[in-house]
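Numbering (the numbering used here), first residue to last: 6 to 262. These notes concern the structure reproduced below.
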Amino acid sequence: MTLHVVTVVYEDGAQLNETYESCNLGEPLHLRHWIFVKRYNDGLSAKYPQAMVLPSLDSGIYNAMNLAFDHLRAQIDDDDLVVFMNAGDLFVESELLSHLAEHEAKRPVLSVAGVRLTREGIIVGLRRAPVPPSTPGAIIYRDYPCHQATFYSAGFLKRIWARRGFLYREDLRSCADLELYLAARKEPLLITPFTTACYDVAGFSSKQSLAIAAEKSSLLCEYGGTLRWRLYARAWSVCARLVEPKRRLLRAIGGGS
Numbered sequence: 006m007t008l009h010v011v012t013v014v015y016e017d018g019a020q021l022n023e024t025y026e027s028c029n030l031g032e033p034l035h036l037r038h039w040i041f042v043k044r045y046n047d048g049l050s051a052k053y054p055q056a057m058v059l060p061s062l063d064s065g066i067y068n069a070m071n072l073a074f075d076h077l078r079a080q081i082d083d084d085d086l087v088v089f090m091n092a093g094d095l096f097v098e099s100e101l102l103s104h105l106a107e108h109e110a111k112r113p114v115l116s117v118a119g120v121r122l123t124r125e126g127i128i129v130g131l132r133r134a135p136v137p138p139s140t141p142g143a144i145i146y147r148d149y150p151c152h153q154a155t156f157y158s159a160g161f162l163k164r165i166w167a168r169r170g171f172l173y174r175e176d177l178r179s180c181a182d183l184e185l186y187l188a189a190r191k192e193p194l195l196i197t198p199f200t201t202a203c204y205d206v207a208g209f210s211s212k213q214s215l216a217i218a219a220e221k222s223s224l225l226c227e228y229g230g231t232l233r234w235r236l237y238a239r240a241w242s243v244c245a246r247l248v249e250p251k252r253r254l255l256r257a258i259g260g261g262s
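Below is the structure:
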């Protein structure tokens, strides 16, 4: 079983280098790192010799991820695993190996672990894996997985691709990875207690918060949700609209002190 790590970026930089180094784990892990770069140059293959570095003619992040999988789907075995990592995301080696050992022993369609949330290299929190069996509402608003720690079998992703012609919905701007998980929620699933990755949390802008609120509400309608979660979605949307006024107030208070 090979773990295929897919990273799509606009251009090279320090964060991509960090993720590349994090993927160079060696034996006993069979890992192949695929890097797709929009602003590609011929020197990148020499800079990242342990990865497959390729140009990406994409129109956005989820389009880039779809193009990446379309490129590699014929080159990977159905029993292999695929995980998507952003530039700057890092593996936690010992936890990753433990998680993959459980996955290989049980062979689910997908497996999910937790992640460490960091800020400037300091751990500020943990996001645990979802608690099965979760309802769509709980998955969307409480038990949502992090894509850095969601491992899909290549065979399953190929079936998703054959059925709908893409993995990630490109009409979504922020929640397409969540939608893919919702589409897979009835498949055999393994949840482990390990934290296999970490990423830096920079927060969301007001515009991003509103976009996420709208997309989550749309997914709740699409995948079904109880009245409780529909009321929660409404409250969450209202809170998102209050983000910018709250920031302005805090700036005003700070400026006056």
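Every residue, glycine too, gets a C-beta built ideally from N, C-alpha and C.
Check the C-beta distance from residue i over to residue j and give it rounded, since I have them as a contact under 8 Å.
i	j	result
A82	A159	For clarity, residue 82 is Asp in the given sequence; the question names Ala instead. Between A159 and D82 the Cβ distance is about 6 Å, and since that is below 8 Å, they are a contact.
F171	L115	The pair is not a contact, with the Cβ atoms about 17 Å apart (cut-off 8 Å).
Only counting the same chain, and skipping five residues up and downstream in sequence, which positions put a Cβ closer than 7 Å to that of residue i?
i	result
T24	T12, M90, A92, G93, D94 and L95
W234	G142, Y146 and L225
R264	It is not possible to answer for residue 264, since the shown part of the chain is limited to 6 through 262.
N29	Q55
Report the rounded CA-to-CA distance for residue i versus residue j, giving the unit in angstroms.
i	j	result
A73	S61	8 Å
N22	V120	20 Å
P113	S99	21 Å
L34	G126	25 Å
E109	Y173	25 Å
M57	R37	8 Å
Around the Cβ of residue i, are there at least 16 other Cβ atoms within 10 angstroms (buried) or fewer (exposed)?
i	result
S80	A quick correction: the sequence has Gln, not Ser, at residue 80. Result: exposed.
T200	buried
Q55	exposed
L101	buried
I40	buried
K221	buried
Who are the Cβ neighbours of residue i in its own chain at under 6 Å, not counting the five residues just before and after it?
i	result
Q20	A92 and G93
P14	This sequence places Val at residue 14; Pro is not what is there. For V14, where only same-chain residues beyond five positions count, the Cβ hits under 6 Å are L21, V42 and A92.
E107	T197
R178	A216
L86	L8 and F156
Apart from the five residues on each side of it in sequence, which residues of its chain come closer than 8 Å, Cβ to Cβ, to residue i?
i	result
A219	S242
### Query
Where are the beta strand (DSSP E) runs, 3 residues long or more, that stay fully inside the region 146-206, in chain order?
155-158 and 194-205
### Task
Run through the region 39-124 for me and flag every whole alpha helix (DSSP H) of 4 or more residues, listed as ranges in chain order.
49-52, 66-77 and 98-111
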